[in-house]
Amino acid sequence: MLTVEHLQKSYISNGQSLEVLRDVSFQVEAGEFVTVVGPSGAGKTTLLRCLAGLLPRTSGKVMLTRTGKMIDSPPPEVACVFQDYSRSLMPWSKVERNVALPLENTIKDRRERRKVVADALHEVGLDGFADSYPWQLSGGMQQRVAIARALAYKPEFLIMDEPFASVDAQTRADLEDLTLRVRQDAGLTVMLVTHDIDEAVYLGDRVVVMSGRPTVVTEVIDVDLPRPRSQVKTKALPRFAELRTRVATLIAEASAASSSRAGGDAGSGQAA
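See the structure below:
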């Protein structure tokens, strides 16, 4: 589905080059659910924005494997769901209009568009809320609207950037299971960034563990847990605990290495 080869991304800050991603390479197969974890500030959001064509890369390749098409701008095959649902939704427009927004240039017939929107809202459990405004909904329901908008677009590849970070634990679990269900029903390929190790292991077929900045892929872990998954039964498995410990250890090591580099850089600067 997606091939990333030697991806590098730098920013210019105060006249100096700041390298965020360094030589990042991995593949995402069609139908896979891949989760991405790493230390805070490791450039995970930068990575997703490069993959979605929202941010130009400095060097390297990001391409759709099936067609060999390079991703230099947002491709029609890809939809995104972001953490801050309150900013991604239009509070002055009803739920139906919010979900229909990406369809207005592709589906001209209003009745057909409303049918697609209704199907997407049904898929995320929001029947009966088309005429509500986002501000009338809970945080979890607003994020469901954002997911419905992505589904209405009929993407092949869904990119999610910490989509459940701003909701309570029970709502988070419900949204995780919703995502697994709609991914299965729609045959989607999904890549999701999260700070939650349990979430990464619970959702993923593979977990991509990233280092501190400048970021490289530390390890890609196969999650050999049976599907369908259960919040209770899956997380009670000894193998779940083993995988969780492995991911947590890698992140802790990456954080320690990043702190050590930062201390060394500061020391070098003072010595100079």
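Numbering (my numbering), first residue to last: -4 to 267.
Every residue gets a Cβ at the ideal spot worked out from N, C-alpha and C, and that includes glycine.
DSSP lists Gln22, Met58 as the bridge partner or partners of Thr(-2). DSSP places Arg201 in the uninterrupted beta strand (DSSP E) bounded by 201 to 205. Boundaries for Glu151: no beta strand (DSSP E) harbours it, and the DSSP string shows neither H nor E there.
DSSP, reduced to helix, strand and coil, places Ala243 within a helical segment of the structure shown. Counting along the chain, the unbroken alpha helix (DSSP H) around Ala181 starts and ends at 164 to 181. In the three-state reduction of the DSSP assignment, Val73 falls in the strand class, which pools E and B. Excluding residues up to 5 positions away in sequence, Ser5, Pro209 lie with their Cβ nearer than 6 Å to the Cβ of Glu14 in the same chain. In this model, Arg178 and Thr184 are separated by some 7 Å (Cα to Cα).
For Leu245, the closest C-alpha among the options Thr213, Leu220, Val119, Gly123 is that of Thr213.
The C-alpha of Arg144 is placed about 9 Å away from the C-alpha of Glu91. Counting only the Cα atoms, Asp169 lies some 30 Å from Ser206. Contact between Glu151 and Glu72 holds: CB atoms are separated by about 4 Å, below the 8 Å threshold. Buried is the label assigned to Asn93, since at least 16 other Cβ atoms lie within 10 Å of its Cβ. Contact between Val119 and Leu50 is ruled out by a C-beta separation of about 27 Å, above the 8 Å threshold.
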